[in-house]
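Contents: one structure, followed by commentary.
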Amino acid sequence: MRAFVVGGAVRDALLGLPVKDRDWVVVGETPEAMLARGFRPVGKDFPVFLHPASNEEYALARTERKSGRGYTGFVCHASPDVTLEQDLLRRDLTINAIARDAEGKLTDPYGGVADLNARIFRHVSPAFAEDPVRILRVARFAARFSEFSLAPETLTLMQNMVSAGEVDHLVPERVWQELSRGLMEDTPSRMIRILRECGALARILPEVDALFGVPQPEQHHPEIDTGEHVLMVIDASARGGHPLAVRWACLLHDLGKGTTPEAILPHHYGHEARGEHMARAVSERLKAPTECRDLAVMVAREHGILGQIDILRAETVVKVIERCDALRRPERFRLMLDAAACDYRGRGGERAAPWQPGIRWQQMLDRMRAIDAGRIARECTNKAQIPERIHCARLAAVKAVRAETSAAD
Ligand SMILES: Nc1ccn([C@@H]2O[C@H](COP(=O)(O)OP(=O)(O)OP(=O)(O)O)[C@@H](O)[C@H]2O)c(=O)n1
Ligand SMILES: [Mg+2]
1 MRAFVVGGAV RDALLGLPVK DRDWVVVGET PEAMLARGFR PVGKDFPVFL HPASNEEYAL
61 ARTERKSGRG YTGFVCHASP DVTLEQDLLR RDLTINAIAR DAEGKLTDPY GGVADLNARI
121 FRHVSPAFAE DPVRILRVAR FAARFSEFSL APETLTLMQN MVSAGEVDHL VPERVWQELS
181 RGLMEDTPSR MIRILRECGA LARILPEVDA LFGVPQPEQH HPEIDTGEHV LMVIDASARG
241 GHPLAVRWAC LLHDLGKGTT PEAILPHHYG HEARGEHMAR AVSERLKAPT ECRDLAVMVA
301 REHGILGQID ILRAETVVKV IERCDALRRP ERFRLMLDAA ACDYRGRGGE RAAPWQPGIR
361 WQQMLDRMRA IDAGRIAREC TNKAQIPERI HCARLAAVKA VRAETSAAD
């Protein structure tokens with residue numbers, strides 16, 4: 001059997017990076033022959049099999065053409081006379097179109113090694129345009145490989161695909177899959193920039209696209225532009241090693257600034273309330289997981305008030321904690337504070353010091369969670385007073401933390 005390692009495993013090995021999973025391409029075989037060798041079929045549309053021992057994916061060499069729009073529009077052509085070069089030709093990028101045989105010999109008909117060395121993302125052939133998911137893949141690879149730049153002709157091709165409406169037909173699940181992977185890379189801002197340059201951002205995340213060119217007050221935002229601020233915030237979330245929900249919340253935290261009435265710019269009074277609804281709508285449109293949606297909604301709604309902890313009334317502090325359900329969901333509140341800290345860090349200027357308001361909120365929450373509600377209930381002769389007593393204990397917790405921290409200053 002003639003089998004070659006292809007795609008990411010070859011690329012990453014050449015870059016000196018660790019290789020997670022290997023994909024194989026098989027030349028000169030039929031599905032029946034693969035089954036006879038003990039390979040197990042994957043799905044029913046693609047001629048892909050799992051190796052009986054290693055479980056690695058083996059795909060029959062194939063040519064593909066599009067029969068419809070978007071991700072579901074594939075018709076797949078695999079046959080024993082499809083050559084390795086033909087298979088590589090229909091892949092997305094030259095750096096992903098290098099094959100390696102069992103002896104380590106490379107087949108690189110489209111200059112993938114040269115593009116790897118020059119750190120360039122370049123499409124292999126016009127067949128790139130057959131799969132609009134590739135636009136998102138390129139953007140996601142940009143977030144991962146920060147030294148790479150996009151070949152101008154590939155950008156042009158991606159722009160043409162977007163103008164032709166190709167990304168409008170992608171199913172939300174595929175968009176989410178690629179966006180979420182890109183957010184988990186080291187430099188997610190590069191994904192958003194590429195999507196913006198080719199016009200795809202305006203199609204898949206118009207609410208984020210609308211933030212570019214919107215000014216903010218220079219006093220709090222030396223970077224001024226709201227879109228640039230959001231990019232700095234998502235990169236801060238990546239530097240912090242935060243989970244996907246935090247990164248998603250960072251991306252959506254300021255959506256309300258895109259609908260601020262022109263007359264009040266560069267101020268954005270009330271953007272949190274507007275943004276809360278937008279964050280929910282975007283998350284639902286893209287079918288983001290519940291925890292991503294809920295955190296994004298909460299961060300959009302609360303991020304403005306969180307930084308003001310030192311000037312809030314104790315009543316307000318308790319109200320925020322209660323409406324965020326923080327006493328029952330302290331770990332989600334913690335994630336919100338992490339996102340808010342990224343919002344603080346993701347601005348022009350040096351901001352290495354810990355975000356003090358986050359520490360303060362955490363202290364107050366911890367103190368409130370330590371309240372023994374059962375004891376308060378037992379000691380209460382008039383049961384109708386229990387809620388009020390618990391509320392008073394929570395207020396006292398806020399005041400106690402304030403007294404201790406101001407004494408320490
Ligand atoms: N829409 C796609 C998806 C995949 N591929 C090809 O299939 C290979 C394997 O795909 P996949 O595992 O999804 O990507 P990798 O490049 O291996 O990257 P990763 O490290 O994210 O797995 C790619 O390298 C590329 O050659 C493609 O051309 N077009
Ligand atoms: Mg792979």
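Under UniProt numbering, the first residue of the sequence shown carries the number 1, and numbering increases by one thereafter. Positions of the beta carbon are idealized from the N, C-alpha and C atoms, including for glycine.
Leaving out the 5 sequence neighbours to the left and right, which residues in its chain are closer than 6 Å to residue i when beta-carbon positions are compared?
i	result
valine 398	Ala314, Val317 and Met364
glycine 8	none
threonine 72	Low confidence applies to threonine 72: its pLDDT is 47, below 50, so where it sits in the model is not reliable, and the reading given next is rough at best. So no residue of the chain qualifies.
alanine 97	Leu88, Arg91, Tyr110, Gly112 and Val124
phenylalanine 212	Gly227
methionine 336	Met298 and Val299
arginine 2	Val27 and Gly28
aspartate 23	Val6, Gly7 and Glu57
methionine 34	Phe49
aspartate 115	Thr94, Ile95 and Arg122
arginine 375	none
isoleucine 12	Isoleucine is not the amino acid found at residue 12; the sequence shown has aspartate there. Around aspartate 12: Val19.
Which residues in the same chain as residue i place their Cβ atom closer than 7 Å to its Cβ, once the five residues preceding and following it in sequence are excluded?
i	result
cysteine 292	Leu244, Ala245, Trp248 and Ser283
arginine 100	Phe4, Val5, Val10 and Leu106
glycine 68	Legend: pLDDT at glycine 68 = 41, less than 50; position of this residue unreliable, no value from coordinates given.
alanine 326	Phe333 and Leu365
glutamate 147	Arg119
threonine 30	Pro80
alanine 341	Trp355 and Gly358
tryptophan 176	Leu286, Lys287 and Ala288
aspartate 338	Gly240, His242 and Val246
The alpha helix (DSSP H) with residue i in it runs from where to where?
i	result
arginine 402	386-408
proline 217	Per DSSP, proline 217 belongs to no alpha helix (DSSP H) and is neither H nor E.
arginine 334	330-345
valine 42	Per DSSP, valine 42 belongs to no alpha helix (DSSP H); it is in the beta strand (DSSP E), 40-42.
residue 410	No answer is possible for residue 410: it lies beyond the span of the chain, which begins at 1 and ends at 409.
aspartate 372	Unbroken run through aspartate 372: none, as it is neither H nor E.
cysteine 250	244-252
aspartate 92	Unbroken run through aspartate 92: none, as it is neither H nor E.
valine 320	314-323
alanine 36	31-36
leucine 265	Per DSSP, leucine 265 belongs to no alpha helix (DSSP H) and is neither H nor E.
valine 82	Run containing valine 82: none; DSSP gives neither H nor E here.
alanine 103	Correcting the residue type first, residue 103 is glutamate in the shown sequence and not alanine. From DSSP, glutamate 103 is part of no alpha helix (DSSP H); its letter is neither H nor E.
glutamate 223	Unbroken run through glutamate 223: none, as it is neither H nor E.
arginine 285	271-285
Within the continuous beta strand (DSSP E) that includes residue i, where are the two ends?
i	result
phenylalanine 4	2-6
tyrosine 58	57-60
tryptophan 24	23-27
phenylalanine 49	48-50
Spatial neighbours of residue i within its chain, please: C-beta separation below 8 Å, excluding the five flanking residues on both sides.
i	result
arginine 203	Val162, Val167 and Asp168
residue 410	Residue 410 lies beyond the range of the chain shown here (1 to 409); nothing can be said about it.
glycine 256	His268, Gly270, His271, Glu272, Ala273, Arg274, Gly275, Glu276, Met278 and Ala300
serine 189	Ala143, Leu231, Met232, Ile234 and Asp235
leucine 201	Ile192, Leu195, Val208 and Asp209
proline 215	Ile224, Asp225, Thr226, Leu265 and Pro266
histidine 221	His229, Arg347 and Gly348
valine 42	Val48, Phe49, Leu50 and Glu57
lysine 383	Ala377
valine 401	Arg360, Gln363, Met364 and Arg367
threonine 405	Arg360 and Gln363
arginine 181	Arg140
What residues sit near ligand 2, counting only those whose C-beta is closer than 6 Å to one of its heavy atoms, in chain order?
Result: Gly7, Gly8, Asp21 and Asp23.
Specify whether the segment 219-229 and the segment 155-167 touch according to this definition: at least 3 beta carbon pairs, one from each stretch, less than 8 Å apart.
Taking a cut-off of 8 Å on C-beta distances, the segment 219-229 does not touch the segment 155-167, as fewer than three cross pairs fall below it.
Do the segment 389-396 and the segment 349-356 make contact, defined as three or more Cβ pairs closer than 8 Å?
Cβ pair count under 8 Å is below three, so no.
Three or more C-beta pairs below 8 Å linking the segment 129-139 and the segment 159-167
Counting C-beta pairs with one atom in each stretch, the segment 129-139 and the segment 159-167 have three or more that are closer than 8 Å, which means they touch.
Continuous alpha helix (DSSP H) assignments of at least 4 residues falling wholly in the segment 155-218
With a minimum length of 4 residues, the continuous alpha helix (DSSP H) runs that stay inside the segment 155-218 are 172-183, 188-197, 200-204 and 206-209.
Is the number of C-beta pairs between the segment 367-375 and the segment 263-274 that are closer than 8 Å three or more?
Verdict: no, contact absent.
What are the complete alpha helix (DSSP H) segments, minimum 4 residues, inside the segment 113-148?
Counting only runs of 4 or more, we get 133-144.
Are the segment 318-331 and the segment 271-291 touching by the rule of at least three beta carbon pairs closer than 8 Å?
No: fewer than three Cβ pairs fall under 8 Å.
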